[in-house]
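Chemist: Note that the numbering used here has the first sequence beginning at -9, numbered continuously upward.
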Amino acid sequence: MTVRTRFAPSPTGYMHIGGMRTALFCWLWARHNRGQFILRIDDTDQQRNVDAALGPILDAFRWLGLDWDEGPEVGGPHAPYFQSQRRSLYDAALQQLLDAGKAYRDFEAPEDTQSQREAAEKEKRVYVSSRASLVLSQEETAKLMAEGRPFVVRLLVPRTDKVVIDDHVRGQVEWDCSLMPDPVVARSDGSPLYNFATVVDDAALEITHVIRAEEHLPNTPIQVLLHRALGYKTPEWAHIPYVASPGSKEKMSKRKIDKYRTNPQFQKLFELGDQVLSRVGIDPGSDALSPVMVAYYQQVGFLPAGVLNALVRLGWSLDDQAEFFTLSEMVQKFTLERVIKSAAGLDPDKMLNFQAHWMSELPAEEKLAGCLPFLKKAGLIDDENDAATRARVASVIDLAADRIRVFGDIFQLDEFFVADERLKMDDKNFQKRVVKPEAAVDLLRDLRKRLEVVTDFTATPLHDLLQGFAGEKQVKVGDVFPALRLCVTGKAQGADLFRSLELLGRDCVLGRIDRAIGLAESQRAG
RNA sequence: GGCCCCAUCGUCUAGUUAGGUCUAGGACAUCGGAUUUUCAUUCCGGUAACAGGGGUUCAAAUCCCCUUGGGGUCACCA
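Below, the structure written as structure tokens:
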């Protein structure tokens, strides 16, 4: 048997991080078994704009490197892969159910059904369908139809049956059919409902394993009944836990983003994200892009490897040790058997840690390729292809070392790209290190003279020079180094000071010292 | 409320199927310390969990029951 799994997104305009985890598990199970992974678009409820709303979803798959064997763009033997284009299949299946007497036309007014439901609830009684339309004779039914009386089609639930599944994650789960209302399978306009279309398609596409989030568990008995009624072989089920928001068991949701902003576990990620996004021209406060969406991580400069690793470890583990997995290792080692049952909260800190790990493994050339677009978007460089620019960026990346966890972290080193007059000063520390200490400005002036004449403006001689200078002046290096750093980078801390000086170059360093001295003097005067 | 699911450090998890090797392991976070005259990294170390109650058993985190708690879902949405 060839394993075939599917992921069936609705075109919503964005890819949910939790949905992505579900998709990843589907994909991994298919690949692990050398089977096929199918993308099917559940757009029965959509009108236009399917293309626009689908784009970000396909982009997310492409970005993470999850390919699909059948589906949009690639087609396949069971095309089309949009439910909106498969109507004839549903119509035929509907007719089949009706002909076999396994479904019936329900002429009951929706309000009546609703009030029965409410009455049952009030009386603490289980609600099941009245089936009033079931007693109608063929003639009566035909008459009502001829009159144009609206009806829905309901599956006739075999009330004495039980549905038992052997779920790959949850084990045996069972439902008593006597407690189930007859589910609607077709609306009054004849269009199929989710549960029905899904079953028809899962069978038609020969899906062997339905792997989906556990929120679908209550749909399962209905779908099993539908499979049976249509004479299909039921697929195997695996209901995986949904992705919860950090530190909770609540399903992660796009609408709760304001709440997440105040969640301490989300703090570092938001800080990082806000900082990067504001530089690349995206409003960090807007909910058009948030950590609930896969695109967020891409825009902030995460690696697919980092996101993938974080996702796979959410609800799945190999053993008591392994944390890091490449995609191909995941394919090799993933099994449904080792998926956990309980909901797993997204852990942004751990995600950042996975990310940092894979970034540190990334070859320099790829780091460069990743950082360039960020600098370009922020207007910090002009031409990504210019050899000199690339060389400079490469040097900065090398200097930054593991300070770059996401590509957007390159902005931490923006002093290497901004013009001198636009260098932002960390005012608080500038006050403390340069403006307030009496001797600081004089010291900087003397230092400037030395820097002006030093023959070899590279890290090691510069280090020796500074060291000697401090000794000579009888001051602590702690009084000189930080002040100099503030003057030339605007920051209180950062990458190696001497390599920074070398990379900045003599002219730049001298100019920035002058500017800082001027700034300090005017602040002292003021 | 009905139905269903879940329950180990703050978080992600190992251990539960085949009870003993678990004085409960790892990772992230956190706190200390070392290295780096900054920051980051790296390295060492610390704090920290079997929801509660009953059984079964020589022995229970592991099996059974109850309680509590958390969650999902209850549409002519998907």
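Backbone N, C-alpha and C define an ideal beta-carbon position, used for all residues, glycine too.
Quick caveat, the model's predicted, so the values are computed rather than measured.
Indicate the three-state DSSP secondary structure (helix, strand or coil) for P182 in the structure shown.
Modeler: strand
Chemist: Near R245, which residues of its chain fall below 6 Å by C-beta distance, leaving aside the five closest residues on each side in sequence?
Modeler: Taken in chain order, the list of residues that qualify is empty.
Chemist: What residue from C477, E108, A203, G91 has the CA that sits closest to A(-2)'s CA?
Modeler: Of all alpha-carbon atoms in C477, E108, A203, G91, the one lying nearest the alpha-carbon of A(-2) is that of A203.
Chemist: Would you mind working out which of G480, F260, S385, A93 sits nearest F141, comparing C-alpha positions?
Modeler: Looking at G480, F260, S385, A93, the one whose alpha-carbon comes closest to that of F141 is A93.
Chemist: Can you give me the Cβ contacts of M283 inside the same chain, cut-off strictly under 6 Å, excluding the 5 residues immediately before and after it?
Modeler: Y4
Chemist: If I measure Cβ to Cβ from S385 and keep anything under 6 Å in the same chain, skipping five residues before and after, which residues do I get?
Modeler: L493
Chemist: Is the beta carbon of A24 sitting closer than 8 Å to the one on D96?
Modeler: Correcting the residue identity first, residue 24 is Arg in this sequence and not Ala. Their beta carbons are not under 8 Å apart, which means R24 does not touch D96 by this criterion.
Chemist: Nearest-angstrom Cα distance between I371 and V383?
Modeler: 9 Å
Chemist: From K258 to R107, what distance separates their C-alpha atoms?
Modeler: 47 Å
Chemist: Pairs of beta-carbons, one from the stretch 360 to 380 and one from the stretch 398 to 417, closer than 8 Å: are there three or more?
Modeler: yes
Chemist: Compute the Euclidean distance between the alpha carbons of T150 and M170, then round it to the nearest angstrom.
Modeler: 11 Å
Chemist: For R393 and A485, which I take to be in contact (beta-carbon distance under 8 Å), what is that distance rounded to the nearest angstrom?
Modeler: 7 Å
Chemist: For V499, which option in E462, R440, S178 has the closest C-alpha, if you only look at C-alpha atoms?
Modeler: For V499, the closest of E462, R440, S178 by C-alpha to C-alpha distance is R440.
Chemist: Using three-state DSSP, classify T325 as helix, strand or coil.
Modeler: coil
Chemist: Rank E205, C477, D339, W348 by C-alpha distance to the C-alpha of P281 and give the top, closest one.
Modeler: D339
Chemist: Run the CB neighbour count on G405, radius 10 Å, all protein chains shown included, and call it buried at 16 or more, exposed below.
Modeler: Residue 405 is actually Glu in this sequence, not Gly. Buried: at least 16 other Cβ atoms inside 10 Å.
Chemist: Where do the ends of the beta strand (DSSP E) carrying R(-4) lie?
Modeler: -6 to -3
Chemist: If distances are taken between C-alpha atoms only, which option among A429, Q213, P173 comes closest to V154?
Modeler: Q213
Chemist: Which parts of the stretch 404 to 453 are runs of the alpha helix (DSSP H), unbroken and 4 residues or longer, counting only runs that do not cross its ends?
Modeler: 417 to 420, 430 to 443
Chemist: Are Q513 and V431 close, meaning C-beta to C-beta below 8 Å?
Modeler: no
Chemist: If you reduce the DSSP assignment to three classes, tell me which class Q345 lands in.
Modeler: helix
Chemist: Is the stretch 56 to 74 touching the stretch 15 to 32 in the sense that three or more CB pairs, one from each, lie closer than 8 Å?
Modeler: The stretch 15 to 32 vs the stretch 56 to 74: in contact.
Chemist: On the DSSP letters alone, give me the boundaries of the beta strand (DSSP E) that E313 sits inside.
Modeler: E313 -> no beta strand (DSSP E), and no H or E assigned at all.
Chemist: Using only the alpha-carbon positions, how far apart do T448 and E313 sit?
Modeler: C-alpha of T448 to C-alpha of E313: approximately 41 Å in a straight line.
Chemist: If you draw a straight line from the C-alpha of N209 to the C-alpha of D373, how long is it?
Modeler: 54 Å
Chemist: Where does R328 land, buried or exposed, given buried means 16+ other C-beta within 10 angstroms?
Modeler: exposed
Chemist: How would you write the range of the beta strand (DSSP E) that V200 sits in, first residue to last?
Modeler: 199 to 203
Chemist: First and last residue of the beta strand (DSSP E) that includes V163?
Modeler: 161 to 166
Chemist: Can you check whether the CB of L183 is closer than 8 Å to the CB of V189?
Modeler: no
Chemist: In angstroms with no decimal places, state the Cα-to-Cα distance between A194 and L84.
Modeler: 14 Å
Chemist: Please name the residue in Q402, V470, F27 whose C-alpha comes closest to that of H199.
Modeler: F27
Chemist: Among the candidates I230, W227, N253, whose CA atom is the shortest distance from the CA of G237?
Modeler: With distances taken between Cα atoms, G237 lies closest to N253.
Chemist: What does the alpha-carbon distance come out to for the pair F407 and R496?
Modeler: 15 Å
Chemist: Report yes if the C-beta distance between G296 and Q255 is below 8 Å; otherwise report no.
Modeler: no
Chemist: In three-state terms, what does DSSP make of M283?
Modeler: strand
Chemist: Are the Cβ atoms of Y232 and G8 separated by less than 8 Å?
Modeler: yes
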